[in-house]
Structures are given as structure tokens and as C-alpha cells.
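*Asks:* Each protein sequence line maps, in turn, to chains R and G.
Under numbering that gives the first Met the number 0, the first residue of the first sequence carries the number 0, and numbering increases by one thereafter.
Under numbering that gives the first Met the number 0, the first residue of the second sequence carries the number 0, and numbering increases by one thereafter.
What follows is a structure written as C-alpha cells; I'll ask about it next.
There are 2 protein chains.
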Amino acid sequence: MIAQHYKDMLGGKSVIREISEWSTARGAEIGYDNVFDYSLGNPSVPCPAEFTESCRRLLDSCDPVTLHGYSPTLTLPAVRAAVAKSLNRRFGMDYTADHIFMTSGAAGALAHALRCVAVPGQNILTFAPYFPEYKPYVEGAGLTLRVVPPRTEDFQIDFDAMEALLDADTAAVLINTPNNPSGAVYSARTLTELADRLKAAGKRFGHRIFLISDEPYREILFGGQSFAYPAKFYDDTLTCYSFSKSLSVPGERIGYLAACPRCEEASLIVPMCGQISRGIGHNCPSSMIQLAAADCLDVTSDLQVYETNMELIWDELKRLGFTVVKPDGTFYIFPKALEEDANAFCRKAMAYDLALVPGDTFGCPGYFRMAYCVGTEKVRRSFAALERFVSREYGIEV
Amino acid sequence: MIAQHYKDMLGGKSVIREISEWSTARGAEIGYDNVFDYSLGNPSVPCPAEFTESCRRLLDSCDPVTLHGYSPTLTLPAVRAAVAKSLNRRFGMDYTADHIFMTSGAAGALAHALRCVAVPGQNILTFAPYFPEYKPYVEGAGLTLRVVPPRTEDFQIDFDAMEALLDADTAAVLINTPNNPSGAVYSARTLTELADRLKAAGKRFGHRIFLISDEPYREILFGGQSFAYPAKFYDDTLTCYSFSKSLSVPGERIGYLAACPRCEEASLIVPMCGQISRGIGHNCPSSMIQLAAADCLDVTSDLQVYETNMELIWDELKRLGFTVVKPDGTFYIFPKALEEDANAFCRKAMAYDLALVPGDTFGCPGYFRMAYCVGTEKVRRSFAALERFVSREYGIEV
């Protein structure tokens, strides 16, 4: 018989996807150019030329039997070494190839990380607002997701709220910095306190608590700031990365898991990933894509558009009187809705051809997400609609 | 704390991989050309030119944002439609795109198929000799693998032995035709009886038993025979396919799951796969590789070398007096060892620079596997070593 559990899941449709589908349908009516679609987090800029060139070079110059051959169980050694070297140079770490496991995007990395450090029945803490896929990722590993309420003044961590949810069954804390949907980047101060608190809790509960750091937006940082790399602050860190956003290749499913070399089991994590892979059918990302990503460790797409868009939207939202935390990175912004029910707010926005996503889906009711991975020209055009919307629906005049 | 279960798995090394590593090490001593490495099932012929050309064309002519963009949750619609059409034409089926789910190889397809039709605690039946990765695949889904003893006279199915292992907790029967390691292809007669037996058992136990058919070697058939397509014989069939062998692209991790349209839940299987993907971190194979595979549905690598090698090895083994079933497909042959302990037999063969894999690892002690995906010239050269081996160790003179 078919598995009832997965059959039951079919009812639950993603709110983000529903709104995105509405945008597409509305676009068919009035022209997609006239729909201000802030729903989906899809990169809007092309991959760097280096990625395309690397694929071409591999196809032209490699023996196809080798190029398209099986990766070793633990993924391609040269690629793992190149990733380690790049992380060491950028973040002052001391990874070797043995600490790197290439995965099918951050989703693949998280699937392995969760199974590495937690066993069914344990719980994983994350912080609202959070990426909604964390729930199926965590539950798919037989674990429970516990969500720490948001600290809405800056979207850093409310540590007392975190402590209230930590218990002896907490296997790991899952962070996402820069954060989808808030655009917040955890500061060195936040990460220092997080490390202190986790160390203390680990002692209290008699076992270390792992930090799983999901960092697909790490390369989209605003204002020229440098990134506070979580594994620098806490030894028991598994870093999960995807090239989806930095190289604009989300469909190629390429990323990695990096085990902090100072973690006690650092040498075991990657071999364990190899075992986990067998059970979940992962068995390495595409060989060619692994090699192409390794060729592009020092480049990104032209990500400037996201900062340009953010500044424009930020100014406009402030001008219209929104309460909003200025993003430090990503291509998201997460303002407070103009009424308590963000679902109602976003539904009303549709009448103005604005596709906004209510914060409930991110565990943060009363807020909404705008994904500004769209053309800057469209961002500018959307402001008239936004102004009409808040003026007619909420009587805001500026 | 790290997950003890996966840590404990680290001890268990694959016998195939150990022998392959010995080959590589021995090759470093005496030159790899002089090691007769029949250990690994790695395609030895290049991918068809169409695959490379398709990748080039995609890179040259597609908008990179679209080409490398996210696949929809259920994978690329045009690719699914193309696969359905190709299967319909070749096997007289009536799939639509809705029945096809693209996966990262057959491993990805099996990971989804198992979770679709079985829940933790149930069992899956397979038939010795069987691909050893079935055990971690099945156990990784929380299921138990039960192995039906081999019918060594022809490596078809011993139905009475199967019935003895079927019970109310059997969710599915997992077949592999053409079979790794025996090279046997299930006949229409075998599949007809299998269908009859499964239908009767389903009635007896009050629930249908699914057939999961793993077919990565489907395109490597000998003697110009046509393939008895299992889903033609039994409605509740999930077909798992990989392009690894037909296109010689095992590292690109591309395959699919096809749900038989006559299965009662045919329309639910693929959406359920979408849900399963979220929990195991699969989330679609590479977009570019999906598109390239769809361009190559009607071509294969030049697979003739495998049949040439099989005929040569078959003749030689018969000449030397081995008991061996002639393969109908794959690039494997599975003769009876010349002593009861196939491990001892294969260990002794190493002294003659022959890398053979003992059948124990396939659930069939006393036999050994030769993977003849190697150059024909090397096959010919290996015969002197083989003859020396059986003559000196087992006194066989011909």
C-alpha cells in the first residue's frame, strides 16, 4: 500500500508557491511585466561567465569516461580540497579535503548534517523567522523542529527564549545567516553569545549541542561588510552551503557540508555522510557540476542588483511609514504588515498586482517577505502600486 | 552528539571497493595495464556524442537564468513528457508526464520508490544474487530487506522460496532485470508468474504488494532480444531507471521513477515523491543534466563491447570447465567458483593479478562476479592469467 504519511502531506501546499502561481496566472492576464512579483527567491542574474566557460572546457578537454564517471563515495577529492582551501583563505579556517563533503545544494547538506548529529526522537532548534523547508527537512530525519520566537527589533537571537526551548533532547541548533526571510546577518556578538550559551547548555545536559549553519546567502552581503563565519565561533559547527545564490545556479544542485576541524569528531563527519548518502539515495552531486563549481570558488554572479534593489525598497518602505529592519544581506526584506493579519494584508495587496508573502509561513505572523531578486526597473515601477495599496487600504498619505 | 548508528557503519567496507583498491595499488606496482581488474561496474565506453553536444547546445543557446534555474518540485515538465513518450513508444505503455519523476540516478529513484510504498517496520523482498547497496537503501528507509535464495540454474525466480518469505508485512518486491551480478534477464514467463503470485499474495494479505523494478542495465541486452518490461506484466509497478549505463554518465546522477499508469494510485505517486524529496534532501537532479538526458532518450553509448567481451569470457570459462549461466545482458557474469569458499577463490586469484569479486557480497556464496566493462584487448590478455590460475590452484588442464 502507498505510504499514508506522504499521501497526507499532499494537502499542504506551500504558501510561497501559491502566491507565485497567482503571479504567473495574473501575468498571463495583464502581462507578467505588470505583476510586481516579490514572491519567489529565484536568482535573477545570470551565472558568472566563468561557470559556463568551465562547463565548456570540461566538455571539450576531458575524457568523457572520466568526466562523467562515478565520484568516489565521499565526492571528488580535488573539488573537496579546493573548497577547503578557499574557506581557509576567506575565513582563516584550517579545513582539509577530509572536512568537506559535496552535496546537492544546501538541502542535501542539511539532510546529511541533521542525520550526522541527531537521532530520531531528538529536537532541533531554529529561530523565527525561518525558511519553511526546515520543517520537512527536520521531520524527514525523524526529528522535531522547535522554533525560537523572533527578536523583531533586529532579527538577531533572543537568547532567553532560546534557553527556554533547549533541553536534554536538543541535538543541534540550526541557524541561517544571512537570513531568509529577514535579511539579517548574525553579528560577531550574537555568534559569541550563541557559542557561550551552547557550551554552557552542553555541559548542563551532559552532551555537546551541534551548530548547523545554513549559509547559502553568505556572498550577498551589503555595505561592504565582512561575514562573521559561524564555525569560527563554535567548534561543533557543521556549515551547509549552496552555490545556488552566489553563482545563480539553483537548478544545478551543488553545495557542500564542511565539518569544523576543531570539532571532536571532525574526521568522522564526512565518512558518516558517505554512509548517510546510501540510505537517502543522495550518492554525490553531478561530477561535471562539482568540477565547474570548484572552478568558480573565487567568483560570483554580479550580485550588485540585490543591494541596489534593497536600498530602493528600504527607502520607499520607510517613506511609507513601514516598520522594517534594514537587511544586511540576501535578496529579502521582512517588514511589519500594516494590520495584524499579514495574510489579509498580502491578499489585499494582490488587488494592486503586488505579490507579497505573509510571515506566518516563516513562523513570524504580522510580517511579510519581499524577495527583490527582480529587475531594478520593475522595483521602481512597483512603488506606484505600493503607494496606491497603502493609501487606499490603510489611509496612508505621504 | 554524533549519530552512533552511522558511526558504527563506518567499519563495514564494501568488498567490491576493497578489491578495486587492491587493483589500483597493484596497478601502481606493475602498471595498471597488467592488472586484470574485473571488480568495478564502471562503464568503460564514452557517452554518446549527442550527450556532449546537447550540453554544449544548452550552454550556448539557453538563457543561463532559465537553464540553471530551479526545477519545479516534481522536476522539469518537458523532460518528464519526453521520458513518458519514449517509454510508451518502446514498451507500449501509456505514461504521461504525470507518471514520471526525474531522480539522481537509480539510487535516487529507489529511495523515493521505497518510501512511497512502504512504511518503517515493513519488509522488502529481493532475490539473490542482488546488488549489495539494496541493503543500505532499504534499511535507510526504516525497512528490512529479505533475500530470496537464488535459483542458480538460470538465475530466474524460485517462486516457492519467494512465497516462503512473503508475509503480511511485505510492502514490495524489488527486482533487478537485467541483473547485477548474474547478467540474467527475467523472461516474460518469469514476470507473468511473478505477477500472478503477487496478485494472489496481495489478496491473501488484504493489501496489494508493489513491484519495484530496478532497470539500469535495460539497454545492455545481448543477442538482439527485446526486453520484457516488468510494468507491462503487473499494474502496481514502480520502474526505477538510471542513464548511468546506457549513456555512460554514472557521475551525472540522472535517472527517473515511472509509476505504472494502471496502478490505482498512479496519479499520487509522483506528487508523493515531491514530498519525500523534501525529507531526504533530494530536490531534483541537475537541470542541465535533466535536459541533456532528455535529448538522448533514443541513443546509447556504443554498448557492443560488452557483448563482445561477454562472448569471449563465456567461451573461455566454459573451456576451462566453469559452471556458468550465460548472461542475457549487463556487463557482468557470475560463474561458480572452483571451491566452496568464493572468498578464498578470489583471494587466490589476486596472485595472478585477477580482480574477481566473491558472490557472498551479493547474497550468493560460492560464486564470483566478473565486471567486464574493460577493453576487449585486456579481456583477451587476461585469459593466460586465468588459465594459469585455475591450472596451478585447481589442477585444471585443458
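We treat Cβ as the ideally placed atom computed from N, Cα and C, and that holds for glycine.
No experiment lies behind these values; they were computed from the predicted model shown.
Closest to residue 147 of chain G by CA distance: which of G:49, G:258, G:122, G:201 is it?
*Replies:* Residue 147 of chain G has its Cα closest to that of G:122, out of G:49, G:258, G:122, G:201.
*Asks:* Along chain R, which residues have their Cβ under 9 Å away from the Cβ of residue 64 of chain G?
*Replies:* 41, 42, 43, 44, 45, 46, 247
*Asks:* Under three-state DSSP, which class holds residue 40 of chain G?
*Replies:* Assignment of residue 40 of chain G by DSSP, reduced to helix, strand and coil, places it in the coil class.
*Asks:* Counting only beta-carbon separations shorter than 8 Å, does residue 278 of chain G have a partner in chain R?
*Replies:* yes
*Asks:* Report the residues of the segment 261–293 of chain G with a CB closer than 8 Å to any CB of chain A, ordered along the chain.
*Replies:* Of the protein chains in the structure, R and G, none is chain A.
*Asks:* Give the interface partners of residue 61 of chain G over in chain R, defined as CB-CB distance under 9 Å, in chain order.
*Replies:* Result: empty, since nearest Cβ-Cβ is about 10 Å, beyond 9 Å.
*Asks:* Apart from the five residues on each side of it in sequence, which residues of its chain come closer than 6 Å, Cβ to Cβ, to residue 75 of chain G?
*Replies:* 289
*Asks:* Which bits of chain R does residue 210 of chain G rub up against, with CB to CB less than 8 Å?
*Replies:* Neighbours of residue 210 of chain G on chain R: none; closest Cβ ~13 Å, over 8 Å.
*Asks:* Measure the alpha-carbon distance for residue 11 of chain G versus residue 141 of chain G and round it to whole angstroms.
*Replies:* 19 Å
*Asks:* Residue 247 of chain G and residue 42 of chain G look like a contact to me (Cβ under 8 Å); what is the Cβ gap, rounded to whole Å?
*Replies:* Sure, about 4 Å apart at Cβ, within 8 Å.
*Asks:* Does chain G have any CB closer than 8 Å to the CB of residue 369 of chain R?
*Replies:* no
*Asks:* With distance defined between alpha-carbon atoms, name the residue in R:268, R:221, R:212, R:232 nearest to residue 241 of chain R.
*Replies:* R:212
*Asks:* Along the segment 209–240 of chain R, where does the CB come closer than 9 Å to a CB of chain G? Name the residues.
*Replies:* 209
*Asks:* Kindly list the residues whose CB is nearer than 6 Å to the CB of residue 187 of chain G, restricted to its own chain and excluding five residues on each side of it in sequence; keep chain order.
*Replies:* Same-chain partners within the cutoff: 227.
*Asks:* Using beta-carbon positions only, say whether residue 284 of chain G and residue 102 of chain G come within less than 8 Å of one another.
*Replies:* yes
*Asks:* Tell me the DSSP secondary structure of residue 239 of chain G in three-state form.
*Replies:* strand
*Asks:* Quick one: which chain G residues come within Cβ less than 7 Å of residue 6 of chain R?
*Replies:* Simply 267, 271.
*Asks:* Since residue 143 of chain R is in the beta strand (DSSP E), which residue starts that stretch and which ends it?
*Replies:* Element bounds for residue 143 of chain R: 143–147.
*Asks:* Round the Cβ separation of residue 111 of chain G and residue 275 of chain G to the nearest angstrom and send it over; I've been treating them as touching at under 8 Å.
*Replies:* 5 Å
*Asks:* Quick one: grab the DSSP three-state call for residue 117 of chain G.
*Replies:* Coil at residue 117 of chain G, not helix or strand.
*Asks:* Hey, residue 262 of chain R and residue 299 of chain R: beta-carbon distance below 8 Å or not?
*Replies:* no
*Asks:* What residue ranges within the segment 16–74 of chain R form continuous alpha helix (DSSP H) runs of no fewer than 4 residues, ordered along the chain?
*Replies:* 48–60, 63–66
*Asks:* When DSSP labels each residue in this structure, what does residue 256 of chain R get in the three-state scheme?
*Replies:* The answer is strand: DSSP assigns residue 256 of chain R an E or B state.
*Asks:* What is the DSSP secondary structure of residue 434 of chain R, reduced to helix, strand or coil?
*Replies:* This structure gives no information on residue 434 of chain R, because the portion of chain R shown stretches from 0 to 397.
*Asks:* Indicate whether at least one CB of chain R lies closer than 8 Å to the CB of residue 51 of chain G.
*Replies:* yes
*Asks:* Ordered along the chain, which non-local residues of its own chain (more than five positions away) have a Cβ less than 6 Å from that of residue 157 of chain R?
*Replies:* 150
*Asks:* If you draw a straight line from the alpha carbon of residue 281 of chain G to that of residue 127 of chain R, how long is it in whole angstroms?
*Replies:* 25 Å
*Asks:* Provide the residue span of the alpha helix (DSSP H) that contains residue 324 of chain G, from first to last.
*Replies:* That residue, residue 324 of chain G, is in no alpha helix (DSSP H); it is neither H nor E in DSSP.
*Asks:* Less than 8 Å between the beta carbons of residue 355 of chain R and residue 345 of chain R, yes or no?
*Replies:* yes
*Asks:* Going along chain G, which residues have a C-beta under 8 Å from residue 19 of chain R?
*Replies:* Among the residues of chain G, none has a CB under 8 Å from the CB of residue 19 of chain R; the nearest is roughly 11 Å distant.
*Asks:* Looking at the C-beta of residue 114 of chain R, does it have a partner C-beta in chain G at a distance below 8 Å?
*Replies:* Yes, residue 114 of chain R lies at the interface with chain G (some Cβ there is under 8 Å from its Cβ).
*Asks:* Does any residue of chain R bring its CB to less than 8 Å from the CB of residue 381 of chain G?
*Replies:* no
*Asks:* Taking C-alpha atoms, which residue in G:307, G:385, G:397 lies nearest to residue 33 of chain G?
*Replies:* Minimum Cα distance to residue 33 of chain G is reached at G:385.
*Asks:* State yes or no: is the beta carbon of residue 161 of chain R nearer than 8 Å to at least one beta carbon in chain G?
*Replies:* no
*Asks:* Evaluate residue 307 of chain R with the Cβ neighbour count: other Cβ atoms within 10 Å of its Cβ, from every protein chain shown; 16 or more gives buried, anything less gives exposed.
*Replies:* exposed
*Asks:* Shortest alpha-carbon distance to residue 46 of chain R belongs to which of R:296, R:331, R:199?
*Replies:* R:296
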